[in-house]
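A short write-up of the structure that comes next.
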Amino acid sequence: MPTPPTASEDTLLEGVQNALEHADIRRGDRLVVAWSGGRDSTVLLDLLQRLAPGLHLHLIAAHVDHAMRESSSRDAEHCEAWARTSGIQLERVTLSPGQASNQADARQARYQALGAIAQTHRASALLTAHHGDDRLESALINLLRGSGLDGLATLKEDATLTIEDRRLRVLRPMLFASAEQVGDYARQRQLTWVEDPTNATDRYLRNRIRREVTPALRAIAGELGPARRTLINLEAERQAADDVADALERRARRPPLEPDAHAFDARTLLNAPHATCTRIILRIAPHFARETLAGVLAMLPGAFSITPKHLSAPGFLVRVSHGQLVLLPSRERGGRDRLHPVAAPANFASTPQGTLAWQGSLLQWSLVPRAEAAPDHPARPWRCLLPHSLAKQPLTLRGYRPGDTLMRLRQDGTSQTRKASTVFQAAQLGTDVRWCWPCIADTNNNLIWIAGLKPPSFPAQNTSAHPFWEIVVRPGAALSAILHWQRK
1 MPTPPTASED
11 TLLEGVQNAL
21 EHADIRRGDR
31 LVVAWSGGRD
41 STVLLDLLQR
51 LAPGLHLHLI
61 AAHVDHAMRE
71 SSSRDAEHCE
81 AWARTSGIQL
91 ERVTLSPGQA
101 SNQADARQAR
111 YQALGAIAQT
121 HRASALLTAH
131 HGDDRLESAL
141 INLLRGSGLD
151 GLATLKEDAT
161 LTIEDRRLRV
171 LRPMLFASAE
181 QVGDYARQRQ
191 LTWVEDPTNA
201 TDRYLRNRIR
211 REVTPALRAI
221 AGELGPARRT
231 LINLEAERQA
241 ADDVADALER
251 RARRPPLEPD
261 AHAFDARTLL
271 NAPHATCTRI
281 ILRIAPHFAR
291 ETLAGVLAML
301 PGAFSITPKH
311 LSAPGFLVRV
321 SHGQLVLLPS
331 RERGGRDRLH
341 PVAAPANFAS
351 TPQGTLAWQG
361 SLLQWSLVPR
371 AEAAPDHPAR
381 PWRCLLPHSL
391 AKQPLTLRGY
401 RPGDTLMRLR
411 QDGTSQTRKA
421 STVFQAAQLG
431 TDVRWCWPCI
441 ADTNNNLIWI
451 AGLKPPSFPA
461 QNTSAHPFWE
471 IVVRPGAALS
481 AILHWQRK
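Right under this line is the structure:
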């Protein structure tokens, strides 16, 4: 007669089943289980094997051998033997020696391997065996490191990791349980597992907390269930903070001039709590220290000028101007590679009509009969009419360059030149915008039109039957956002 399940078995089995249902795991889903061969992951695997038939789940156990210690191969052999006996599918990956030289590298390499296995099997999720005491230890470690809410509300039950541009869903269905409950289950089920000898060393902070701090807290408090519940509550508060940050980010985001940049409306951020702004910035640059974050937010009042101000931050150049805060990824010290951007010029032929996409804006040209070419340039600054003779030569669409001159044709056919920089200054457009502002240059590389700012004089009317060449620029979203700020 089979032995009836104990209360501990029922508690863990029911808890894991509830976690799977809460994660919307469905009949027929494929799940990859991270299995080290240790006690905790063996317990999770046993629980899932008991649940799989009723839930029609397909399980793949994944073992990653880090090759960092001599006994690691024995762990893998134990898993292979256990898998053969239990009939579970096993994927074994052995990392190259030296691929993971410390705990952080090992974790990164492990999740890369697990993510690849999950992708190969088209798994719905990767499951890990973290329990409530693991979460408490992680919170204590992060507390000692000065972490904020995210560090204290660590180890989410349902998380998404980005591994080499792949999104990996990670479920931790045993966070409700304590280490004692997991150990009781393993003994009651008479499971076999391997012991990691590194868990017995004081070399790692987590081990010292597990062996010294957690028992001391338990001796003081009696039991750590309330502390684990506090972390669950903090997770709910972290989610609420994320929701507020999501809403602020949607309001503050602006289309950037540089495709890889992150642009925000400075006024929106100034009117928001600093903690929420910090949360948004950390999503882009999670390595920013407290001092760097304070420096970024301190720049916001200076954003309402056309003169750009810069801050060099680790991996980024931060810029404020034209009502925006912009974070530009940078590879060079001091952000030198982002200080003077240049937009590649684009030549376009004098065909009867055509279109050209450039830096987010769209240029269109066509031949217009003289009778239809009304001189309405002041009302339509993004439209330019060129005489047919000028349109015969190849023209270039490019941005402003220091030293540029703007040439305008007079009604009598003579030309007039002026510094292009004065046109931008009059329009309140700073140097960080001019590089990608649509300008038309002739064969001598002189500007003949700055779109949206200075239309050329209407070509002189004469008896010639030649049509005009009409050029229209539809500004991109980034330029439109800057113009909108100017109008405000």
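Take the sequence shown: its position 287, counting from 1, is numbered 287 in UniProt numbering, and each next residue is one higher. Glycine included, C-beta positions come from ideal geometry on N, C-alpha and C.
- Its Cα nearest to that of L95, the residue V64 stands out among R338, V32, N102, V64.
- In this structure, R383 sits away from V320, with a CB-CB distance that is not shorter than 7 Å.
- For P215, the enclosing alpha helix (DSSP H) starts and ends at 214-221.
- Annotation for D158: the continuous beta strand (DSSP E) segment containing it runs 158-163.
- Between T405 and N445, the C-beta gap is not smaller than 7 Å, which leaves the two residues out of contact.
- Our two residues, L161 and G37, have alpha carbons roughly 23 Å apart in a direct line.
- Taking the Cα positions, W449 is about 41 Å away from R283.
- Residue pairing by DSSP puts W365 in a beta bridge opposite G354, I471.
- Taking the CA atoms as reference points, W365 sits about 22 Å from R434.
- Fewer than three pairs of CB atoms, one per stretch, sit closer than 8 Å, so the stretch 132-144 makes no contact with the stretch 106-119.
- Within its own chain, the residues whose Cβ lies closer than 6 Å to the Cβ of A263, once the five positions on either side in sequence are excluded, are R254, P256, Q324, V326, listed in chain order.
- Secondary structure remark: continuous alpha helix (DSSP H) runs of at least 4 residues inside the stretch 64-125, in chain order: 72-86, 103-120.
- Looking at the DSSP output, N347 shares a beta bridge with T396.
- In the DSSP annotation of this structure, the continuous segment of the beta strand (DSSP E) that includes W449 starts and ends at 447-450.
- Counting C-beta pairs with one atom in each stretch, the stretch 193-210 and the stretch 140-150 have three or more that are closer than 8 Å, which means they touch.
- Using a 10 angstroms sphere on the CB of Y204, the tally of other CB atoms stays under 16, which defines it as exposed.
- Counting along the chain, C439 sits inside the beta strand (DSSP E) bounded by residues 439-441.
- When the alpha-carbon of E21 is set against those of A451, L57, A62, R39, the nearest one is in L57.
- DSSP, reduced to helix, strand and coil, places Q190 outside both helices and strands of the structure shown, so it counts as coil.
- Taking the Cβ atoms as the reference, V43 lies roughly 7 Å from L191, within the contact range of under 8 Å.
- Boundaries around A263 are those of the beta strand (DSSP E), 262-265, since no alpha helix (DSSP H) includes it.
- In the DSSP secondary-structure assignment, F316 is bridged to A313, P329.
- Among the bridge pairs identified by DSSP, T405 is matched with K419.
- Under the 10 Å beta carbon count, E91 is surrounded by 16 or more other beta carbons and is classified as buried.
- By the neighbour-count definition (other C-beta atoms within 10 Å, threshold 16), Q89 is an exposed residue.
- Rounded to the nearest whole angstrom, the CA to CA distance from P173 to A427 is 59 Å.
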